[in-house]
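Residue numbers (the UniProt record's numbering): 1 to 294.
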């Protein structure tokens, strides 16, 4: 496709739980709605390659989660899973185009699967890119910690973060280098794109990430990962689970989690880590198109 004819997004905002949230609209509003939900410490522009590939056939919407990208930060620095799910429910309600198809990565996948389990009639298809939360082994490890340890650990983390200044990068190249440290599968071009849309320029000319530093250290809360199967069992639409073979994520067939879904299948991506939709983009788009057309 000629660069001059490539679709470009427009920015929009809506209010959810007294917070101003941002989303990108890639146009084509008469087409079936497709919502792409990014992961933690990420932003909506990380879906640009996927959105451009699908914008001719779908009405693609990419929200910035609260505390991320160009969305507002929580006034108390608290980011509860329930609030993320409410935000997605609010966005679907405002679009008023149910049923929608949702693709979520990591945290975005966990949010999307919870929403789909709560409102199965509102979702036609759902894709979770390593969005199943903690593995059963990790959940068992966490269960060994006492309530006191969990709560005191969170309080100590918050106090530490309150004394810490957001990290500044003297140049955009330094921020790009940090981006590639986080995911060494990224090309320089990919890392530059993600970084340019993921930083703000400070008054002294340096750069800082857009996400709220208080996203580090989630608060103890109801609806933890051990409750996720309750949502999965309620999902009635076709479900695609994606796993990078170089990732730290657990295989849902081997650990038994896929059995909680009514109709889910797993696709594994070789030479791909946690951000498999970047690491193996062509393979990801091919698999996604097949799934959406089934």
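Glycine is no exception: its CB is placed at the ideal position from the N, C-alpha and C atoms.
Remark: C-beta atoms of residue 169 and residue 67 do not approach each other more closely than 9 Å. Residue state for residue 70 is assigned as coil, using DSSP reduced to three classes. When 14, 78, 272 and 149 are compared, the shortest CA-CA separation from residue 187 is found for 272. If the five residues before and after residue 97 are omitted, its C-beta is found closer than 6 Å to the C-beta atoms of 33, all from its own chain and listed in chain order. The three-state reading of DSSP puts residue 240 in strand, counting E and B together. Look at residue 209 here: in three-state DSSP terms it is strand.
Residue 264 counts as buried, since no fewer than 16 other beta carbons sit within 10 angstroms of its beta carbon.
The shortest CA-to-CA distance from residue 30 to any of 55, 59, 7 and 49 is the one to 59. Judged by beta-carbon spacing, residue 226 lies beyond the 9 Å limit of residue 172, meaning their Cβ atoms are not closer than that value.
Taking all protein chains shown into account, residue 292 has 16 or more neighbouring C-beta atoms within 10 Å of its C-beta and is therefore buried. Spanning the alpha carbons of residue 50 and residue 146 requires a straight line of approximately 42 Å. When rounded, the separation of the alpha-carbon atoms in residue 28 and residue 274 is 30 Å. In the DSSP assignment, residue 156 falls within the unbroken alpha helix (DSSP H) covering 147 to 162. Residue 155 counts as exposed, since fewer than 16 other C-beta atoms from the protein chains shown sit within 10 angstroms of its C-beta. Spanning the alpha carbons of residue 267 and residue 242 requires a straight line of approximately 5 Å.
Here DSSP, grouped into helix, strand and coil, assigns residue 249 to coil.
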